[in-house]
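For reference, the structure is listed below as C-alpha coordinates.
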Amino acid sequence: MQGKARKIVQAILYETIAVLCVAPVLSWAFDAGMAHSTVLSLILSAVALAWNMFYNWAFEYWEARQAQRQRTLWRRFLHALGFEGGLVLILLPVVAGWLQISLWAALLTNLALFVFFFGYAFVFQWAFDRVFDVPDSAREPA
(Lines of atoms letter the chains of each structure in order from A and count residues from 1; the text may use other names and numbers.)
(Lines give C-alpha, C1' and ligand atoms only; values in the text may rest on other atoms or scores of the structure.)
Protein backbone atom coordinates (compact mmCIF):
# COMPACT_ATOMS: atom_id res chain seq x y z
CA MET A 1 0.00 0.00 0.00
CA GLN A 2 1.42 3.38 -1.02
CA GLY A 3 0.54 7.04 -1.36
CA LYS A 4 -2.50 8.71 0.14
CA ALA A 5 -4.26 5.42 0.92
CA ARG A 6 -1.31 4.35 3.06
CA LYS A 7 -1.24 7.65 4.94
CA ILE A 8 -4.99 7.63 5.58
CA VAL A 9 -5.08 4.01 6.80
CA GLN A 10 -1.98 4.59 8.91
CA ALA A 11 -3.33 7.72 10.58
CA ILE A 12 -6.84 6.40 11.25
CA LEU A 13 -5.59 3.08 12.64
CA TYR A 14 -3.04 4.85 14.83
CA GLU A 15 -5.58 7.28 16.28
CA THR A 16 -8.32 4.68 16.80
CA ILE A 17 -6.01 2.55 18.93
CA ALA A 18 -4.80 5.70 20.72
CA VAL A 19 -8.33 6.76 21.76
CA LEU A 20 -9.04 3.26 23.07
CA CYS A 21 -5.90 3.47 25.21
CA VAL A 22 -6.05 7.10 26.40
CA ALA A 23 -9.72 7.73 27.27
CA PRO A 24 -9.89 5.29 30.20
CA VAL A 25 -6.56 6.51 31.60
CA LEU A 26 -7.61 10.19 31.45
CA SER A 27 -10.93 9.31 33.07
CA TRP A 28 -9.16 7.57 35.93
CA ALA A 29 -6.31 10.10 36.34
CA PHE A 30 -8.52 13.20 36.43
CA ASP A 31 -11.70 11.65 37.83
CA ALA A 32 -13.39 13.36 34.89
CA GLY A 33 -15.88 10.72 33.84
CA MET A 34 -15.57 8.49 30.83
CA ALA A 35 -17.71 10.69 28.54
CA HIS A 36 -15.68 13.83 29.32
CA SER A 37 -12.40 11.95 28.86
CA THR A 38 -13.56 10.30 25.64
CA VAL A 39 -14.50 13.66 24.13
CA LEU A 40 -11.07 15.02 25.10
CA SER A 41 -9.44 11.93 23.62
CA LEU A 42 -11.36 12.46 20.38
CA ILE A 43 -10.31 16.13 20.26
CA LEU A 44 -6.70 15.16 20.91
CA SER A 45 -7.03 12.47 18.28
CA ALA A 46 -8.43 14.87 15.66
CA VAL A 47 -5.55 17.29 16.25
CA ALA A 48 -3.07 14.41 16.24
CA LEU A 49 -4.60 13.03 13.05
CA ALA A 50 -4.04 16.33 11.25
CA TRP A 51 -0.51 16.54 12.69
CA ASN A 52 0.12 12.91 11.70
CA MET A 53 -0.86 13.55 8.09
CA PHE A 54 1.29 16.68 7.84
CA TYR A 55 4.24 15.26 9.78
CA ASN A 56 4.41 12.01 7.82
CA TRP A 57 4.11 13.89 4.52
CA ALA A 58 6.99 16.18 5.55
CA PHE A 59 9.06 13.29 6.92
CA GLU A 60 8.64 11.21 3.76
CA TYR A 61 9.40 14.28 1.62
CA TRP A 62 12.66 14.69 3.55
CA GLU A 63 13.34 10.94 3.59
CA ALA A 64 12.98 10.59 -0.19
CA ARG A 65 15.75 13.15 -0.67
CA GLN A 66 18.30 11.40 1.54
CA ALA A 67 21.25 9.48 0.10
CA GLN A 68 20.50 6.65 2.54
CA ARG A 69 16.77 5.94 2.35
CA GLN A 70 16.51 2.83 4.52
CA ARG A 71 14.42 3.13 7.71
CA THR A 72 17.07 2.42 10.28
CA LEU A 73 16.49 2.20 14.02
CA TRP A 74 17.92 5.72 14.37
CA ARG A 75 15.61 7.12 11.68
CA ARG A 76 12.60 5.47 13.35
CA PHE A 77 13.69 6.96 16.69
CA LEU A 78 13.95 10.46 15.17
CA HIS A 79 10.57 10.02 13.45
CA ALA A 80 8.84 9.11 16.72
CA LEU A 81 10.65 11.86 18.68
CA GLY A 82 9.74 14.57 16.17
CA PHE A 83 6.14 13.48 15.90
CA GLU A 84 5.48 13.15 19.62
CA GLY A 85 7.56 16.18 20.62
CA GLY A 86 5.68 18.41 18.19
CA LEU A 87 2.37 17.02 19.34
CA VAL A 88 3.14 17.71 23.02
CA LEU A 89 3.58 21.40 22.21
CA ILE A 90 0.54 21.61 19.93
CA LEU A 91 -1.78 19.97 22.49
CA LEU A 92 -0.63 21.91 25.55
CA PRO A 93 -3.36 24.60 25.47
CA VAL A 94 -6.03 22.05 24.52
CA VAL A 95 -5.33 19.84 27.54
CA ALA A 96 -5.05 22.81 29.91
CA GLY A 97 -8.35 24.28 28.75
CA TRP A 98 -10.37 21.08 28.62
CA LEU A 99 -9.24 19.75 31.99
CA GLN A 100 -9.18 23.25 33.54
CA ILE A 101 -5.65 22.80 34.79
CA SER A 102 -2.58 25.03 34.67
CA LEU A 103 -0.22 25.00 31.70
CA TRP A 104 2.34 23.39 34.00
CA ALA A 105 -0.06 20.56 34.91
CA ALA A 106 -0.99 20.24 31.24
CA LEU A 107 2.70 20.00 30.34
CA LEU A 108 3.19 17.24 32.90
CA THR A 109 0.10 15.47 31.55
CA ASN A 110 1.36 15.82 27.98
CA LEU A 111 4.79 14.56 28.99
CA ALA A 112 3.21 11.49 30.60
CA LEU A 113 1.25 10.91 27.41
CA PHE A 114 4.48 11.50 25.47
CA VAL A 115 6.22 8.68 27.33
CA PHE A 116 3.42 6.29 26.40
CA PHE A 117 3.03 7.52 22.84
CA PHE A 118 6.74 7.62 22.12
CA GLY A 119 6.90 3.87 22.59
CA TYR A 120 3.51 3.37 20.97
CA ALA A 121 4.49 5.41 17.87
CA PHE A 122 7.71 3.45 17.49
CA VAL A 123 6.05 0.03 17.85
CA PHE A 124 2.99 0.99 15.78
CA GLN A 125 5.08 2.29 12.87
CA TRP A 126 7.31 -0.77 12.92
CA ALA A 127 4.27 -3.11 12.94
CA PHE A 128 2.51 -1.06 10.25
CA ASP A 129 5.58 -1.30 8.01
CA ARG A 130 5.77 -5.05 8.63
CA VAL A 131 2.12 -5.56 7.66
CA PHE A 132 1.87 -3.04 4.79
CA ASP A 133 5.58 -2.80 3.82
CA VAL A 134 7.56 0.42 3.92
CA PRO A 135 6.57 3.40 1.76
CA ASP A 136 8.39 4.09 -1.49
CA SER A 137 10.25 6.92 0.26
CA ALA A 138 12.07 4.30 2.38
CA ARG A 139 13.15 2.17 -0.59
CA GLU A 140 16.53 2.43 -2.22
CA PRO A 141 16.26 3.61 -5.84
CA ALA A 142 16.49 0.78 -8.37
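For the record, in the sequence shown the residue sitting at position 40 is 35 according to this note's numbering, with numbers rising by one throughout.
Glycine is no exception: its CB is placed at the ideal position from the N, C-alpha and C atoms.
Please read all numbers here as calculations on a predicted model, not as lab measurements.
| Query | Result |
| --- | --- |
| Which of helix, strand or coil DSSP assigns to VAL129 | coil |
| Contacting residues, own chain, Cβ-Cβ under 7 Å from GLU55 (five flanking each side not counted) | PRO130 and SER132 |
| Check whether VAL90 and ASN105 have beta carbons under 8 Å apart | yes |
| Beta-carbon proximity of SER32 to LEU21, cut-off 8 Å | yes |
| Top-ranked residue by Cα proximity to LEU108, from ASN51, ILE7 and LEU84 | LEU84 |
| Test item: CB-CB of GLU135 and GLN65 under 8 Å | yes |
| Outcome for SER36 when other beta-carbon atoms lying within 10 angstroms are tallied against a minimum of 16 | buried |
| Euclidean distance between Cα positions of PHE164 and ARG71 | In this structure the chain extends from -4 to 137, so residue 164 is not present and cannot be described. |
| Nearest to GLY28 (by Cα), restricted to the options LEU102, ILE7, ASP128 and TRP93 | TRP93 |
| DSSP state of ASP124 mapped onto helix, strand, coil | helix |
| Pick from ALA59, PHE123, TRP69 and PHE49 that is closest to LEU82, judged by C-alpha positions | PHE49 |
| Euclidean distance between Cα positions of ASP26 and VAL34 | 14 Å |
| Extent of the continuous alpha helix (DSSP H) run through ARG1 | -2 to 25 |
| Which listed residue (LEU39, TYR115 and ASN51) has its alpha carbon closest to that of ALA0 | ASN51 |
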